[in-house]
Each structure stands twice: as C-alpha cells, then as structure tokens.
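**Q**
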Amino acid sequence: MTQLALSEKLAILSDAARYDASCASSGTTRRDSRDGKGLGSTEGSGICHSYAPDGRCISLLKILMTNFCIYDCAYCVNRVSSNVRRARFTVDEVVQLTIEFYRRNYIEGLFLSSGIIRSPDATMSDMVRIAKRLRQDEGFRGYIHLKSIPDAAPELIAEAGLYADRLSINVELPTDRGVKAYAPEKNPTTIRKAMGDVKTRSAVAGERSYTGKRPKRFAPAGQSTQMIVGADGSTDATILGQSTRLYGDYGLRRVYYSAFSPIPDSSAALPLIKPPLIREHRLYQADWLLRFYGFDVGEITAARTDGNLDLDIEPKLAWALQNRALFPVDVNRASKEMLLRVPGFGTRTVGRILQTRRHRALRYDDLLRMGASLKKAKAFITARGWTPGKLTDSTDLRARFAPPPEQLSLF
Amino acid sequence: MYTVPLPIIGTDMAWRDAAKRLTGAGVRPADILWDYGTGMGELFATATPLPPPSRKVKAPKSFVQMADVVVWHKDPQRFARLYGLLWRLRHQPGVMQDRADPELAKLRQMEKAVRRCQHKMKAFVRFRDLRQGGDRRSFAAWFEPTHHTVEPTAPFFARRFADMDWMIATPDVTAQFVDGNLSFHPGQPKPDLPEDAAEALWGTYFCNIFNPARVKIQAMTSEMPKKYWKNLPEAQHIHDLIAGAEAKVRKMQEAGPTIPPERVQKIKDQLRKRQNDQ
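If you read the protein sequences in the order shown, they are chains A and B.
Start counting the first sequence at 4; every next residue gets the next number (the numbering used here).
Start counting the second sequence at 225; every next residue gets the next number (the numbering used here).
1. Taking only beta-carbon atoms, is A:Thr126 less than 8 Å away from chain B?
2. Kindly indicate if chain E contains any beta-carbon less than 8 Å away from that of B:Met444.
3. Assess, as a yes-or-no matter, whether the stretch 303 to 318 of chain B is touched by the stretch 343 to 357 of chain A under the definition of 3 or more beta carbon pairs within less than 8 Å.
4. Under the rule that 16 or more other beta-carbon atoms within 10 Å means buried, what is B:Glu419, buried or exposed?
5. I want to verify the contact list: residues of chain B whose CB lies under 9 Å from the CB of A:Thr385, in sequence order.
6. How big is the Cα-Cα spacing for A:Val94 and A:Val334?
7. Using CA coordinates, which residue listed in A:Met341, A:Ser205, A:Cys76 is at the minimum distance from A:Arg217?
8. Whose C-beta lies closer than 8 Å to the C-beta of A:Ser29 among residues of the same chain, with five residues either side of it excluded?
9. Write down every uninterrupted run of the beta strand (DSSP E) in the stretch 272 to 344 of chain B whose length is 3 residues or greater and which is fully enclosed by it, in chain order.
10. Could you tell me the distance, in whole angstroms, from the CA atom of B:Cys341 to the CA atom of A:Leu42?
11. Taking the alpha-carbon of B:Arg279 as reference, which of B:Gln301, B:Asp255, B:Gly248 has the nearest alpha-carbon?
12. Which partner residues of B:Phe401 appear in the DSSP bridge assignment?
13. Since B:Gln400 meets chain A, which of its residues come closer than 8 Å, beta carbon to beta carbon?
14. Name the one or two DSSP bridge partners that A:Ser44 has.
15. Considering only the beta carbon of each residue, do B:Gly318 and A:His148 sit closer than 8 Å?
16. For A:Asp75, which residues from the same chain have a beta carbon less than 6 Å from its beta carbon, with the 5 sequence-adjacent residues on both sides left out?
17. Taking buried to mean at least 16 other C-beta atoms within 10 Å of its own C-beta, is A:Gln358 buried or exposed?
18. Among B:Ile483, B:Ile433, B:Leu230, which has the Cα closest to the Cα of A:Ser17?
19. Relative to the C-alpha of A:Phe383, which residue among A:Arg344, A:Leu314, A:Arg372, A:Asn311 is closest?
20. Cα-Cα, which of B:Ile466, B:Gln442, B:Gln477, B:Thr428 is closest to B:Glu458?
21. Are the Cβ atoms of A:Ile172 and A:Lys202 separated by less than 8 Å?
22. In whole angstroms, what is the alpha-carbon distance linking B:Lys475 and B:Asn435?
23. Might you give, ordered along the chain, the residues of its own chain that have their beta carbon closer than 8 Å to the beta carbon of A:Thr178, omitting 5 neighbours on each side?
24. Shortest alpha-carbon distance to B:Asp403 belongs to which of B:Lys346, B:Ala422, B:Ala382?
25. Quick one, are the C-beta atoms of A:Leu243 and A:Val300 less than 8 Å apart?
26. Does any residue of chain A bring its CB to less than 8 Å from the CB of B:Trp311?
27. Have a look at A:Ala375 and B:Asp322 and give me their C-alpha separation to the nearest angstrom.
28. What is the residue span of the alpha helix (DSSP H) that A:Tyr287 lies within?
29. Hey, A:Asn108 and B:Phe351 are a contact pair by Cβ (cut 8 Å); roughly how many whole angstroms apart?
30. Starting from the beta carbon of B:Glu327, find every residue of chain A whose beta carbon is closer than 8 Å, and list them in chain order.
31. Using a Cβ-Cβ distance under 8 Å, would A:Arg107 count as near chain B?
32. Comparing the C-beta of A:Tyr287 with each C-beta of chain B, is any distance below 8 Å?
33. Using the C-alpha atoms, what's the distance from B:Gln316 back to B:Pro275?
34. On the criterion of 16 or more Cβ atoms from any shown chain inside 10 Å, does B:Val439 qualify as buried, or is it exposed?
35. Taking the CB atoms as reference points, tell me whether B:Leu456 and B:Phe348 lie closer together than 8 Å.
36. Residue ranges of each beta strand (DSSP E) run of no fewer than 3 residues wholly in the stretch 69 to 139 of chain A, ordered along the chain?
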C-alpha cells in the first residue's frame, strides 16, 4: 500500500471522526504552564476556537487514530463492510499535530477516538501511548479526551484515566435491542460495566488514603456518552429515560444526542434520509430541563401521547401549555422551583429575580433587563403592573409560538 | 472642573486611582471630564491636579470587579457611567444587588460585551510560527478586537503559552511575551507575518470535520461573526463548504449502499471465533 501524506491522513481521519458530537473541553482541573516547563492551560470553561458551517463548535482536534475497524456497526462510516478510504496515524503524527495546532491557538486539545484494529486491547494501548507521550514527553497541559474502546482491559482504562481529562464510551443506541441489531459485535452490558468502572475509579481517586495522601487524579472532567437518535425506532421518552439512568447510575457529565446522519457508503440496513436536526435540539432542551430545572421524564414527555417531544415548540413551553392551571405565577412571590418552570426564564434569570426581589417588588420592565424572554414568559406570569389577563388560558396561545403550518409539498 | 487623562495602556489602574481620589474629595460626576487616550490633558497641562488620595473611600467588591472589566469597553461614556454609579453607591449601597436598576443593567451589559470580546480573543487569535531558531520558539499574531481587550486578556496567553515567545499585535496595543516577561507597547498597522504551513493542515481539518448533511449557517455566524473571518485562516473555506454541501449529500444518497469489500467475511469469521473463545 502506498504511503499517504499527512494531510491526506488528516482529511480521512477527521472526516471519520465528525459523527462524534462532543467537543467539550470544560470542567477539568485548573492548570497552566507558568513554570515555563510545559505547554498549555485549562481554566474551567472550555473555548470554542472555531465553528464549522454545520454550527458545531471546534474546540478539540477530533480525529481517529485509525479508521480501519473489524466491527460492523450499521450506522458507522468506518464499519468493516464500508468502502471508505482507510488511513492510520502513527503515534508521532498525532502528537505533532496536537502540539503544533495547539501552539497556534487553533485548539484546546485532543479528542482521540479509533476504529478497532487487531484487538480492543491493542487499540486502546496505542491510544494510551499517545496520551502518555503528550503528557510526559511534551509536557502538554491542555485538554485530552480519550474514547475508550469497548472490551478493552480495565488496566488500560485505568492508565488512560491518568493522562486523559475525560473518558467516554458510547452507548450508541437507546436500547439494548437497538445495539444488538445495529452493532452486533458490541455488548451493551460490557459498555455499562466500563462506565461503572470509570465511575468507581474517579470516586477512589477523590479520596485520601489513611496517610492523607491523595491518589493521582483520574479523568478529572468525568465521563460522557453519545446516543444516536433516529436510526432505530426509539421514542424520545425511551431516549430520555435511558439518559436519566445513565446520569444517575454512572454519574455521567453529559449525554450527547446525535441525529443519525446519512453517511457516505451507507449500509443497506439504515435510512438515507436527512436527519431531524430539530429533534436532536429538542432532546438537548429536555436534557437540560431534567438536569437543571427539576423536571422529570414523565412530565416532559406527557404532552404528546406517542412518547415524542413536540417538534414545533420547546419542551418547557409544551409542558406549561399543558399545565396552565398552575399559571400565571407571581414573580414576586413564587418559589424558585416554580420560577424555573416558567417558559422564557433561564436559571440565571431566576437567580437574578430571587436576588433583586429581596430589595423591592419587580415590574415587567425589570424582567426585561434581567434577560428574561418575555415573549414567552408574559402569558405565564404576573408582576407589579402586569397581569396576562385572559392570555394564559386563550385557545390560540400555542399558535403564537409554533411555526405556521407548512404546506405539504407535492412530488 | 477636572480633566482626567487616561492612558491606553494601564487604563484600569489609572481610572481606579482617579475615581478613588475624586469620590474621596466629593467631586460630583458632572465636574469630571474623562480624557481617554488623547494625551491632551498632560500635553497642555491645563488640568487641575487630582485631589490627594484619601483612605475613606469604600466601594463594594462587586463594583470594583465590574469596573475592572468595563474600563476596557470602547464606549467613550464608560468612565462617566462607572463614576456615576460609584457616586450613587455612597448613599445607596444596595444598588449592586438590584439587577434591574437601569444604570447598573447598562454597565452589566457592557461588562458582558467586554467578557465576550475577551472570550473571542482567546478563541480567535491565530499564531504564525516565526521560525527564528534559538531555545524558545516564537510566534506572532495580528488581531482586531472589538473592545480594548488585549491588556486584560494577555495574561491568559502568558499562562497558556509560557514556554514560547509570542506577540499579539492589534491596532491599539501590542502585547509581547519574551523569555517569560509580558509587556505592552503601542499599537501598529498589520505586520507582514511569514507564511505558516500549519495553516493548510488546519484548513484541511476544518473542511473535513464539517458535516455537509447538517448545514446550520446561523448557528455558526452567531458564535463566529463575520467580522472575525478576515484574520481566521480557516474562514476562507467556509464559502465553498456551504456551496458544495447539498451536492455532497445528494451524491451520498445517489451512491446508495455498496457491496462490502471481499476481506470482510474473513475478518468477521475471525472475530466471531475470538469472541466465542472468550
């Protein structure tokens, strides 16, 4: 086989990595290189260094070590049965690309994933070698996200966690049945076991021993996972139920939802239709409501009988429209929990309301200045000098927010 | 009437010092003219000398933190607005907690704009390798920020790129980091920086990480406004990526499923055997 140029490899192996949604570089320990001996820093929040025309943030150099793969997952562009061009980076190439991109301020760090070659252990240990070289030889203090290979030995995952800020492993599909059907070589049970192991190791790394010594940090930015939406027939209720379990059982920082995207050289097992991007967006909104707004899955998915979210309006608004009897709420008296349920109020707005109303009663204009979206909120609140009157219960309230019905196209 | 000259470099400390002296001496906001960056105050020496510092002046910490950011805003009114609020704080110490106070809300908005500008600077500065040899590698960048954000943001670059020398040149101020020392110098016109081969690789990455099946231009431009594009090497590809996206997706659909390569069955058999053995 002919040797590919570095730029060709980069083209193939970034093209192959773009279906991973995560690009987060936040939430790890604070580090810098002021001692002059290394390169890089992490300061809490991540930085998006660029944006592609698909609207996604580019924060990390997101590449595959190789897109050769012995598995045959139907949704994946790199599956063994696909005819895409293949390439493989050397350890040195990945290290150099990461460092040189970083020095020019293109990226926050590296997100390294890989197809499975030879065996899961062999693949994982190559990935660990890259992370180790970056940390130990190059003194790299930027962000490293490693995607664990399912079925890799626990010792390798343990070593990976010493160099990586974040580890992730994809559950791929919302149900075990879906995984069996579309990723026949992957085993949902071992994937969950790997997540459980990472959780345990993180917990252990946070505790001092009896001598007061702190063990080495283990993946300080935690772990995340990704689910493909729209490839199998799972409803949003199923997907969100699975997320809730994952957040609860494995302490995940994030669950990413990736609308199934038609891939080049696709498998006959899957639809070749444009992904319902809005569905992905609604799932993220619902995910936020579950984690930061005190909602539970049942409430969010109750608005429709088919278990899916309303695509036309955001889930919080859909819930409020279903529960109009609870509104309007008085912004000057309502509890924090209730304020968080007002459409158009975010967690920050609610914080500001609570802070300011200790000093004086709030008016409609005050809310505007605090960053509330009153277009949505005004039907659901009262404030000094503002009452929505009949608006809260008006029958056309939903129509004010939903996009106008689209005429079906003839074909 | 006091005319207070404020320098372009070190604006924050100069404003803070002047504001302390002036409130300490009870000078009303209407009696102050803030003179930023012209050097006129000093040149003609017509300015009344500032009152001596007095220790009595106290301002809430939240105000000081906000002022340290707002002074870098480009709005010429920023100093007067800050002083106006500082003046009110003497008798209304609760104002800082009132998130809906119009004056405070305006200043918070300006603070947010500066922070956003700082964030974008951290994101969008692009260094080029100067290839100068020596122990430390050296890099340089040209950047055009919306507000006066070079000085407050440079320490971030110093923490991050401590093992190399670098320069960020802007029309306003130039930040330089040499042998671990950060310094600021007057602004300059866009320097001629040498070509850097890494930019082509970065462009390759940018083009290939883009998924043509999900074009969301608005989501891109709201986070990466066009005003930054001219200094971003990857931005030259955006037009072609958008223009070619639909055709690419159509080609994918028309191509449809292909026949798996011959080696597949062999690999699958091997894998199955190994998984059964375990």
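Ideal placement from N, C-alpha and C gives every residue a C-beta, glycine not left out.
**A** By the coordinates alone:
1. It does not; no Cβ of chain B falls within 8 Å.
2. Absent here is chain E; the protein component of the structure consists of chains A and B.
3. No: the two stretches stay apart, fewer than three of their Cβ pairs being nearer than 8 Å.
4. That one is exposed.
5. Using a Cβ-Cβ cut-off of 9 Å, A:Thr385 is close to nothing in chain B; its nearest Cβ partner there is about 16 Å away.
6. 58 Å
7. A:Ser205
8. Gly47, Ser48, Gly49, Ala224
9. none
10. Cα-Cα distance, rounded: 24 Å.
11. B:Gly248
12. B:Trp390, B:Leu406
13. The premise fails here: B:Gln400 is roughly 16 Å from chain A at the closest Cβ pair, so nothing lies under 8 Å.
14. In DSSP, A:Ser44 forms no bridge with anything.
15. no
16. Arg82, Val83, Ser84
17. exposed
18. B:Ile433
19. A:Arg344
20. Cα-wise, what sits closest to B:Glu458 is B:Thr428.
21. no
22. 14 Å
23. Asp235, Ser237, Thr241, Gln245
24. B:Ala382
25. yes
26. no
27. 15 Å
28. 280 to 295
29. 5 Å
30. Result: empty, since nearest Cβ-Cβ is about 11 Å, beyond 8 Å.
31. yes
32. no
33. 24 Å
34. buried
35. Yes, the pair counts as a contact, with Cβ atoms nearer than the cut-off.
36. 112 to 116
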